[in-house]
Amino acid sequence: MTQRLILLAVLAIPAALPAQADSTVPDPILQLVARLDLERYKATIKGLTRFGDRRQGTDRNRAAVDWIEAQLRSYGCSDVARLKYTYQPPAPRVRTDSAAPAPPARDTTRASGGGRYRGVRARTGVNADSLKQPDAHVRALDAQASTPGAREEVYCTKIGDTHPDEMYIVGAHMDGIGWGEAANDDGSGTALVMELARVLSSPDVRTDRSIRFILWNNEESGLNGSRAYVEQRRALQGTKDEPKWLGMIQHDMMLFDHGMPRADGSLAIEQRPEADVNIEFQASAKFAAEAQQLAWVFQRANEKYATDYPASVGSHMTNTDSAPFQDDVPAISLRENERGTQIGAGWDPNWHQPTDLYSTYNDKDFRLGLNAAQTTLAALADLVGASIK
Ligand SMILES: [Zn+2]
C-alpha cells in the first residue's frame with residue numbers, strides 16, 4: 002500500500018501542466034518536442050525495415066537488435082545492456098476428440114481486453130504464406146524460419162540526477178510477423194522509442210528521474226520478452242541492479258487510423274482527418290486507478306504539445322508488452338486505434354500482413370506516429386523533471 006501511495010504522489014505532480022507563467026522563460030518541454038522531426042522518424046522506421054519482419058529467433062532479428070544497439074549508442078544513450086532469456090515455443094495443440102462436448106458459444110460482441118464491438122467488422126489474421134508477398138526482395142529477407150533457444154533484447158537508460166533509483170520504462174516491440182517489413186507493427190513504435198532515446202540522451206538534457214528505453218523481442222510469440230523482463234527484474238527493484246519502476250509506457254502500431262471498415266470490408270485510402278492517438282490502460286489491472294491517472298497525464302500532454310492529432314483515453318489495454326507490468330506498476334499503451342474493439346475489428350488491414358511495408362504509408366500516417374512521439378516525450382519530460390542545461 003505504501004508503494005502505491007508513493008506512486009500516486011509521484012503521479013500527482015503534473016496534475017495540471019503548469020501554465021506559461023512567464024512567457025520570457027522558454028518552456029523546456031516545448032524545446033524538447035521541437036527536436037522531434039518527421040523525416041528523422043521516417044528514416045528510423047526505414048532503417049528497421051532493412052531487416053525485413055525481424056521475426057524472433059532469426060538472423061535478421063539478431064542483426065536488428067545489433068543495429069538498434071548501435072543507434073542507441075550513437076545517440077549518447079550509452080548505458081546500454083541486454084536482457085537474456087530462452088524461448089521455447091509451446092507444443093502444438095493436440096486436436097480434441099470429436100466426441101468431446103462443444104465449447105460454450107462465445108459472446109461475439111466482446112472484444113479482447115473487455116471492450117464491445119460496434120458497427121462493421123472485417124476479417125483479421127496472421128499471414129503465414131510467403132507467396133502472398135509479391136516483392137521477391139522482401140520474401141527473401143523474411144525467408145529464414147525461427148528456431149527456439151537463446152534470445153536477447155536491448156535497452157538503454159537515461160540516468161536521473163536526483164532520483165537515479167526511480168525510473169519510467171518506455172517500450173515497443175522490435176520483432177514482427179506476416180511476411181512484410183513490420184513497418185507499422187511495430188517498426189513505428191520501435192522508431193518512436195529510439196527517437197525519444199535520442200532526444201533525451203542529448204548531453205544538454207538533464208532529468209531528475211531515470212528513463213529506461215527498451216525494445217522488446219518476442220512480442221508476437223506471446224509477450225515473452227517483456228514477461229522475461231518482469232520475471233527477472235521485478236524482485237530486484239530498489240537494489241543497485243534495478244531502479245524502482247514508476248510506470249510502463251508501451252507503443253505498438255502508431256501509424257494507421259483510417260477509420261472503420263466499410264460494409265464491403267474495404268478501408269479509406271487516406272488517414273482520416275479525425276485520426277487520434279489511443280492511450281489505453283486496463284480497467285481490471287491491480288494498478289488501474291494509477292494507470293488511468295497516468296493516461297490522463299499523457300492526454301493533457303498531447304493537448305498541449307502534439308502538433309496535429311488529439312489523443313483519447315480508453316480502459317481496455319490488451320495484447321501488448323505493458324500487460325505483464327499492469328499488476329506491479331501503472332501501465333499504459335499508446336496506439337493508432339484501440340487494440341480490442343478497433344484493431345480487433347479489422348481497422349488496420351495491414352496488421353500481420355505482407356502489406357505492412359514502409360511504402361504502404363504516406364506522411365499523414367507517419368505524422369500520427371510523430372504525434373504519439375510528441376505526446377510521450379512531453380508527458381515523460383514532465384514526469385521525470387527534464388530541463389535543458
Ligand atoms: Zn504489435
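So for the sequence shown, the numbering used here puts the first residue at 2; every next one is plus one.
Where a beta carbon is used, it is the ideal one built from N, C-alpha and C, also for glycine.
In this text the structure is predicted, and so the values were computed from the model without any measurement.
Query raised in the report: Can you tell me whether Asp-265 is buried or exposed, with buried defined as 16 or more other CB within 10 angstroms of its CB?
Result: Here residue 265 corresponds to residue number 264 of the sequence shown, with the count starting at 1. Per the 10 Å Cβ criterion, exposed.
Requested in this report: Could you tell me how far apart the beta carbons of Gly-114 and Met-318 are, in whole angstroms, since I believe they sit closer than 8 Å?
Outcome: Within the sequence shown, the letter at position 113 stands for residue 114. Within the sequence shown, the letter at position 317 stands for residue 318. Indeed, because the Cβ distance is near 6 Å, the residues count as touching under 8 Å.
Query raised in the report: Got a sec: does ligand 1 put a non-hydrogen atom nearer than 7 Å to the Cβ of Asp-187?
Result: Numbered from its first residue, the sequence shown carries residue 187 at position 186. Yes, the beta carbon of Asp-187 sits closer than 7 Å to at least one heavy atom of ligand 1.
Report task. Output the distance between the C-alpha atoms of Thr-191 and Arg-368, rounded to the nearest integer angstrom. Result -> The residue labelled residue 191 in the question sits at position 190 within the sequence shown. The residue labelled residue 368 in the question sits at position 367 within the sequence shown. Taking the straight line joining both Cα atoms gives about 15 Å.
Query raised in the report: Which one of Leu-335, Leu-268, Ala-324 and Ser-227 has the shortest CA to CA distance from Val-278?
Result: One-based indexing of the sequence shown puts residue 278 at position 277. Among Leu-335, Leu-268, Ala-324 and Ser-227, the Cα nearest to that of Val-278 is on Leu-335.
Query raised in the report: Do Ile-250 and Val-200 come within 8 Å of each other at the CB atom, strictly closer than that value?
Result: As a first step, residue 200 must be located in the sequence shown, where it is residue number 199. As a first step, residue 250 must be located in the sequence shown, where it is residue number 249. No, the Cβ-Cβ distance between Val-200 and Ile-250 is not below 8 Å.
Query raised in the report: In this structure, what does DSSP give as the bridge partners for Trp-217?
Result: Taking the first residue of the sequence shown as position 1, residue 217 is located at position 216. For Trp-217, which the question treats as bridged, DSSP gives the partners His-174.
Query raised in the report: Under the three-state reduction of DSSP, which class applies to Thr-125: helix, strand or coil?
Result: Here residue 125 refers to the residue found at position 124 of the sequence shown. Three-state result, Thr-125: coil.
Query - beta strand (DSSP E) segments (min. 3 residues) lying fully within the segment 278 to 350 - result: 278 to 281, 312 to 315 and 332 to 336
Query raised in the report: For Arg-228 and chain C, any beta-carbon pair shorter than 8 Å?
Result: This model lacks chain C altogether, as it is built from one protein chain only.
Query raised in the report: Alpha carbon to alpha carbon, what distance is there between Met-195 and Ile-69?
Result: As a first step, residue 69 must be located in the sequence shown, where it is residue number 68. As a first step, residue 195 must be located in the sequence shown, where it is residue number 194. Answer to the nearest angstrom: the Cα atoms are 8 Å apart.
Query raised in the report: According to DSSP, is Ala-82 helix, strand or coil?
Result: By one-based count along the sequence shown, residue 82 stands at place 81. Of the three classes helix, strand and coil, the one that applies to Ala-82 here is strand, per DSSP.
Requested in this report: Taking Gln-57 and Arg-152 to be in contact with their CB atoms under 8 Å, please state how far apart those CB atoms are, rounded to whole angstroms.
Outcome: Numbered from 1 along the sequence shown, position 56 holds the residue referred to as residue 57. Numbered from 1 along the sequence shown, position 151 holds the residue referred to as residue 152. Right, their Cβ atoms sit about 7 Å apart.
**Report entry** His-252 Cβ short of 7 Å to ligand 1 heavy atom set
**Finding:** Here residue 252 corresponds to residue number 251 of the sequence shown, with the count starting at 1. It does not: the Cβ of His-252 is nowhere closer than 7 Å to a heavy atom of ligand 1.
Query - C-alpha gap between Arg-122 and Glu-339, whole angstroms - result: The residue labelled residue 122 in the question sits at position 121 within the sequence shown. The residue labelled residue 339 in the question sits at position 338 within the sequence shown. If I take the Cα positions, the gap works out to 14 Å.
Report task. Could you tell me whether the segment 303 to 310 touches the segment 372 to 383, where touching means 3 or more Cβ pairs closer than 8 Å? Result -> yes
Query raised in the report: For Thr-342, which option in Thr-110, Val-34 and Tyr-86 has the closest C-alpha, if you only look at C-alpha atoms?
Result: For the purposes of this step, residue 342 is taken as residue 341 along the sequence shown, with counting starting at 1. Among Thr-110, Val-34 and Tyr-86, the Cα nearest to that of Thr-342 is on Thr-110.
Requested in this report: Could you tell me whether any non-hydrogen atom of ligand 1 is closer than 7 Å to the CB of Glu-220?
Outcome: As a first step, residue 220 is located in the sequence shown; it is residue number 219 there, counting from the start. Flag set: Cβ of Glu-220 near ligand 1.
Query - Spatial neighbours of Gly-120 in its chain, beta-carbon cut-off 6 Å, leaving aside the 5 residues before and after - result: The residue labelled residue 120 in the question sits at position 119 within the sequence shown. The answer, listed in chain order, is Met-261.
Report task. Following the continuous alpha helix (DSSP H) through Arg-74, name the residue where it begins and the one where it ends. Result -> Taking the first residue of the sequence shown as 1, we reach residue 74 at position 73. First-last of the alpha helix (DSSP H) with Arg-74: 60 to 75.
**Report entry** Contact under 8 Å by Cβ, Asp-364 with Thr-321
**Finding:** For the purposes of this step, residue 364 is taken as the residue at position 363 of the sequence shown. For the purposes of this step, residue 321 is taken as the residue at position 320 of the sequence shown. Against a cut-off of 8 Å, the Cβ pair of Thr-321 and Asp-364 comes out as no contact.
Query raised in the report: Based on Cα-Cα distance, which residue from Ala-65, Ala-71, Gly-77 and Ser-131 lies nearest to Pro-355?
Result: As a first step, residue 355 must be located in the sequence shown, where it is residue number 354. The candidate whose alpha carbon is nearest that of Pro-355 is Ser-131.
Query raised in the report: Leu-37 to Arg-210, Cα distance in whole Å?
Result: Indexing the sequence shown from 1 puts residue 37 at position 36. Indexing the sequence shown from 1 puts residue 210 at position 209. Approximately 21 Å, taken between the alpha carbons.
Requested in this report: Have a look at Asn-303, Asn-219 and Asp-60 and flag the residue whose alpha-carbon is nearest the alpha-carbon of Asp-383.
Outcome: The residue given as residue 383 occupies position 382 in the sequence shown. Comparing Cα-Cα distances from Asp-383 to each of Asn-303, Asn-219 and Asp-60, the minimum goes to Asn-303.
Query - Best match in Glu-154, Cys-78, Glu-221 and Lys-133 for proximity to Asp-205 [C-alpha to C-alpha] - result: One-based indexing of the sequence shown puts residue 205 at position 204. The option with the nearest alpha carbon to Asp-205 is Cys-78.
Report task. Indicate whether Gln-327 and Ala-290 have their beta-carbon atoms separated by less than 8 Å. Result -> Here the question's residue 327 lines up with position 326 in the sequence shown. Here the question's residue 290 lines up with position 289 in the sequence shown. Not closer than 8 Å, so no.
Query raised in the report: Smallest Cα separation from Gln-272: which of Leu-247, Tyr-362 and Thr-148?
Result: Locating residue 272 in the sequence shown gives position 271, where the first residue counts as 1. When only C-alpha atoms are compared, the closest one is Tyr-362.
Report task. Pull up the CB-CB distance for Ser-189 and Gly-370, whole angstroms please, since I reckon it's below 8 Å. Result -> As a position in the sequence shown, residue 189 is number 188, starting the count at 1. As a position in the sequence shown, residue 370 is number 369, starting the count at 1. 5 Å between Cβ atoms; contact.
**Report entry** Pick from Glu-281, Lys-390, Thr-59 and Val-139 that is closest to Thr-50, judged by C-alpha positions
**Finding:** Against the sequence shown, residue 50 aligns to sequence position 49. Taking only the C-alpha atoms, the option nearest Thr-50 is Val-139.
Query raised in the report: In chain order, what residues of the same chain lie with their CB nearer than 7 Å to the CB of Val-127, ignoring the 5 residues before and after it?
Result: For the purposes of this step, residue 127 is taken as residue 126 along the sequence shown, with counting starting at 1. Contacts found: Ile-178, Gly-179 and His-353.
Report task. Using DSSP bridges, identify the partner residues of Gln-251. Result -> The count along the sequence shown starts at 1 and reaches residue 251 at position 250. DSSP lists Gly-172 and Ser-334 as partners of Gln-251.
Report task. Assign Lys-390 to buried or exposed, taking buried as 16 or more other Cβ atoms, counted over all protein chains shown, within 10 Å of its Cβ. Result -> To locate residue 390, count along the sequence shown from 1; it is residue 389. It is exposed - the Cβ of Lys-390 has fewer than 16 other Cβ atoms within 10 Å.
Requested in this report: Please classify Glu-182: does DSSP put it in a helix, a strand, or coil?
Outcome: Here residue 182 corresponds to residue number 181 of the sequence shown, with the count starting at 1. Note: Glu-182 maps to coil in three-state DSSP.
Requested in this report: State buried or exposed for Lys-85, treating a residue as buried only when at least 16 other CB atoms are found within 10 Å of its CB.
Outcome: The residue labelled residue 85 in the question sits at position 84 within the sequence shown. Looking at its Cβ environment, which holds fewer than 16 other Cβ atoms inside 10 Å, Lys-85 is exposed.
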